[in-house]
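Residue numbers (UniProt numbering): 1 to 578.
The beta carbon of each residue, even a glycine, is placed where N, CA and C say it ideally should be.
Values in this document were obtained by computation on a predicted structure and should not be read as measured data.
Taking it in order: structure first as C-alpha cells, then the write-up.
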C-alpha cells in the first residue's frame with residue numbers, strides 16, 4: 001500500500017509540473033491581451049438554432065430506440081463576426097458538424113436513447129488546468145465524461161465525475177464502467193441539458209464548449225396544452241458568459257487567488273461577453289405572436305436576472321425539467337447557473353419594433369459588482385410590424401403533478417455549506433457538511449423515498465444546489481439569527497441539532513417565487529439562511545418503479561452548480577439502498 005501511495009504521489013507531482021509548465025508557456029504570453037469588448041458591435045449576428053438530433057427512429061410509423069455516436073472535438077468557432085475564430089471543444093456527430101453549444105437532442109418519453117460518447121480531444125487542454133485541486137489524473141489526454149442534467153437514469157450512465165475517460169478510452173477513471181450510455185427517457189416530459197462532469201475539470205471543459213440541450217417530448221400529453229411546440233416558435237436558448245483575448249481565444253485567468261496553494265484555481269469565473277446559442281449578443285427577428293423559449297443558464301458562476309427593456313412579460317410554463325401546475329406571469333427571471341426557465345413571450349403585446357432581453361444580476365450573486373454595458377445586454381429581438389393570426393395559446397392549467405406529501409417523509413437531513421479561506425482571507429476550497437468528496441458516503445436514501453433536506457448556507461455566496469436523480473420542492477427559506485454564533489459552533493462540531501438550529505432558524509421568511517414552486521432539480525441556497533426542501537427519489541408522473549437499479553455503482557452525487565465551487569470540492573456522493 002505504501003509503495004502504491006508513493007507511486008500515486010509521484011505521478012501527481014510529475015503531472016502537476018507538466019501542467020503548470022504548460023500553463024506558464026501557453027498563458028503568460030497572452031495574459032495581457034484581453035480583448036476590449038467595446039470593439040465588438042452588439043446584435044450583428046443572427047441567433048442560431050442549434051442542429052437537432054432525434055434520439056429515436058421511426059419504423060412503420062412507430063418510434064423505436066436509437067443508438068447514437070457523439071464525439072467531442074477540438075475545432076474553431078466564430079462567436080462574433082468581428083472576432084477571430086476561437087479554439088473550442090464541441091459536441092457533434094463529426095468535427096465538421098460539431099457546434100457550441102452542441103446539437104439539441106429530441107427524445108421521446110418511453111423510448112430509450114443510447115449514446116456512445118467519444119473523446120477525440122488532443123493531449124493538451126486549451127485552458128488552464130489546476131492539478132492542485134481534486135482532479136482527474138490521466139496517463140495522457142484530456143479527461144471527459146457526460147452528465148445528462150435532470151435525467152432520471154442508471155448510475156452507470158449518469159456521468160459520475162470519476163467515470164472519466166480520455167481519447168480512445170486509453171485512460172479511464174476508477175468508476176468508469178461502460179462506453180455506451182443508456183438514457184431511458186421514462187420520466188415526465190421537459191427540459192434537460194448535457195455537459196461535461198469530469199472531476200476537477202468541469203469548469204474548464206464547459207468553458208471550452210462542452211454543453212448542449214436535451215428535450216424529452218411526450219406529444220400526447222403536451223400537444224393538447226396548445227403551447228408553441230416543436231416548431232420555429234419553440235426555441236432552446238443556452239446563455240453563458242465568456243471573456244476573450246484579442247486573438248479570439250477564450251480568456252481564463254491563469255493565476256489563482258491563492259497562487260501558493262492553488263496556482264490557477266479562482267473561486268468564480270466571469271466573462272463580460274454574453275453568449276446565446278454560440279453567438280455574442282445575437283439578434284433574432286420574430287413575428288407578432290407567441291414564442292416559447294427554453295432558457296438554460298449554462299454559465300460557470302454568473303446568475304442572470306432577465307428582463308425586457310420595454311416591459312414585455314414572461315409567462316412561465318416550466319421550471320428546470322418539469323411543467324408547472326399553472327402558468328405564472330413575471331416581469332423578470334432570476335436564473336442561477338444550470339437552472340432552466342421554460343417561458344412563453346407574446347410579442348404581439350410589444351409597443352416597439354425592437355426590444356432587448358437584458359440582465360441586471362450582480363456578480364458574484366447577490367453582493368458582487370453591478371452589471372456593466374457589456375454583460376447587461378443579452379439578446380435583441382426585431383419584431384415584425386404587422387399582427388397575425390396566432391393559434392398558440394397558454395392554458396389556465398398545465399400539468400398536475402402531486403404536491404409535497406409530508407406524511408411520506410422517511411428521513412430528515414441537514415446539509416451545511418462551508419467556505420474555507422487562507423491567511424490572506426481568500427477562498428481555498430468549499431465543502432458540503434465539512435467533508436471532501438472522497439470522505440465516506442453520508443447520504444444514503446432508500447430508492448423511492450421522500451426526504452426533507454435542510455440546506456444551511458454558512459457562506460456569503462448564493463449556491464445553486466443540484467441533486468442528481470432527485471426532484472424536489474422548496475418548502476421554505478428562513479434567515480438565520482445570531483449567524484456568527486451558529487457558524488462558530490458548526491465549524492467546531494458540524495452538527496446542526498447540537499448547535500441548536502431551531503434557535504437560529506427564526507429570522508425573516510423568504511417567499512419562494514411562484515414560478516419556482518414546481519418540481520425542480522436545482523435551487524438557489526440563499527446565504528445566511530436555511531432552505532427546507534422535500535426531495536423525492538421517484539417519478540412524479542406515475543407510481544412506476546425505476547426501470548433500472550439505482551443502487552448500483554458508482555452511485556450519484558449532489559453538488560453546488562457554481563462549477564468553480566463544484567470542482568474544489570463542493571460535491572458529495574449519494575448512494576441508494578433498496
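Check each candidate in the options and name the one with the smallest Cα separation from residue i.
{"i": "residue 415", "options": "408, 409, 442", "result": "442"}
{"i": "residue 355", "options": "91, 379, 325, 112", "result": "379"}
{"i": "residue 591", "options": "411, 445, 295, 347", "result": "It is not possible to answer for residue 591, since the shown part of the chain is limited to 1 through 578."}
{"i": "residue 144", "options": "151, 172, 134, 133", "result": "172"}
{"i": "residue 339", "options": "572, 139, 149, 102", "result": "149"}
{"i": "residue 614", "options": "175, 184, 137", "result": "The requested residue 614 is not part of the displayed model; the chain covers only 1 to 578."}
{"i": "residue 546", "options": "436, 110, 60, 383", "result": "110"}
{"i": "residue 162", "options": "451, 133, 123, 200", "result": "200"}
{"i": "residue 33", "options": "371, 246, 312, 490", "result": "246"}
{"i": "residue 543", "options": "493, 449, 503, 497", "result": "449"}
{"i": "residue 373", "options": "504, 317, 274", "result": "274"}
{"i": "residue 539", "options": "471, 569, 571, 483", "result": "471"}
{"i": "residue 233", "options": "270, 555, 287, 195", "result": "287"}
{"i": "residue 436", "options": "410, 570, 86", "result": "570"}
{"i": "residue 413", "options": "574, 383, 308, 333", "result": "574"}
{"i": "residue 541", "options": "60, 190, 82", "result": "190"}
{"i": "residue 351", "options": "342, 104, 384, 377", "result": "384"}
{"i": "residue 129", "options": "344, 180, 204, 494", "result": "204"}
{"i": "residue 112", "options": "63, 431, 81", "result": "63"}
{"i": "residue 157", "options": "135, 466, 180, 170", "result": "180"}
{"i": "residue 299", "options": "101, 248, 168, 81", "result": "101"}
Note down the Cα distance separating residue i from residue j, rounded to an integer number of angstroms.
{"i": "residue 212", "j": "residue 297", "result": "11 Å"}
{"i": "residue 75", "j": "residue 96", "result": "8 Å"}
{"i": "residue 78", "j": "residue 369", "result": "29 Å"}
{"i": "residue 327", "j": "residue 347", "result": "17 Å"}
{"i": "residue 57", "j": "residue 362", "result": "45 Å"}
{"i": "residue 294", "j": "residue 192", "result": "10 Å"}
{"i": "residue 175", "j": "residue 43", "result": "45 Å"}
{"i": "residue 123", "j": "residue 166", "result": "9 Å"}
{"i": "residue 558", "j": "residue 221", "result": "30 Å"}
{"i": "residue 235", "j": "residue 53", "result": "14 Å"}
{"i": "residue 359", "j": "residue 310", "result": "13 Å"}
{"i": "residue 313", "j": "residue 329", "result": "7 Å"}
{"i": "residue 556", "j": "residue 210", "result": "21 Å"}
{"i": "residue 464", "j": "residue 525", "result": "6 Å"}
{"i": "residue 276", "j": "residue 237", "result": "6 Å"}
{"i": "residue 90", "j": "residue 564", "result": "20 Å"}
{"i": "residue 318", "j": "residue 537", "result": "20 Å"}
{"i": "residue 85", "j": "residue 208", "result": "13 Å"}
{"i": "residue 303", "j": "residue 61", "result": "43 Å"}
{"i": "residue 500", "j": "residue 487", "result": "11 Å"}
{"i": "residue 223", "j": "residue 315", "result": "18 Å"}
{"i": "residue 349", "j": "residue 409", "result": "45 Å"}
{"i": "residue 584", "j": "residue 334", "result": "This structure leaves residue 584 out entirely; the chain is present only between 1 and 578."}
{"i": "residue 55", "j": "residue 108", "result": "7 Å"}
{"i": "residue 35", "j": "residue 508", "result": "44 Å"}
{"i": "residue 92", "j": "residue 104", "result": "10 Å"}
{"i": "residue 420", "j": "residue 66", "result": "46 Å"}
{"i": "residue 292", "j": "residue 357", "result": "14 Å"}
In the DSSP assignment, what residue or residues form a beta bridge with residue i?
{"i": "residue 556", "result": "574"}
{"i": "residue 305", "result": "334"}
{"i": "residue 477", "result": "510, 531"}
{"i": "residue 579", "result": "Outside the displayed span of the chain (1 to 578) sits residue 579, for which this structure offers no information."}
{"i": "residue 65", "result": "56"}
{"i": "residue 172", "result": "165"}
{"i": "residue 421", "result": "427"}
{"i": "residue 114", "result": "67, 182"}
{"i": "residue 242", "result": "273"}
Report, in whole angstroms, the separation of the C-beta atoms of residue i and residue j, which I expect to be a contact under 8 Å.
{"i": "residue 337", "j": "residue 562", "result": "6 Å"}
{"i": "residue 147", "j": "residue 182", "result": "Actually they do not touch by this definition, with Cβ atoms about 14 Å apart."}
{"i": "residue 451", "j": "residue 411", "result": "5 Å"}
{"i": "residue 133", "j": "residue 265", "result": "5 Å"}
{"i": "residue 432", "j": "residue 417", "result": "6 Å"}
Report yes or no: is there a C-beta of chain D within less than 9 Å of the C-beta of residue i?
{"i": "residue 305", "result": "Among the chains in the structure shown there is no chain D, since it carries only a single protein chain."}
Is the segment 69 to 77 touching the segment 111 to 120, taking contact as three or more C-beta pairs under 8 Å?
-> yes
Taking three-plus beta-carbon pairs below 8 Å as touching, is the segment 544 to 552 in contact with the segment 507 to 523?
-> no
Any chance the segment 526 to 536 sits against the segment 476 to 491, with 3 or more Cβ pairs inside 8 Å?
-> yes
Evaluate contact between the segment 453 to 473 and the segment 384 to 394, counting only Cβ atoms and requiring at least three cross-stretch pairs below 8 Å.
-> no
Cβ contact check for the segment 240 to 249 and the segment 215 to 223: 3 or more pairs under 8 Å = no
Contact between the segment 281 to 291 and the segment 42 to 55: three or more CB pairs below 8 Å?
-> yes
Would you check if the segment 224 to 236 and the segment 392 to 408 touch, i.e. whether three or more CB-CB distances between them fall below 8 Å?
-> yes
Examine the Cβ distances between the segment 316 to 323 and the segment 520 to 527 and report whether three or more of them are shorter than 8 Å.
-> yes
Would you say the segment 253 to 273 touches the segment 418 to 428, given that touching needs at least three Cβ pairs under 8 Å?
-> yes
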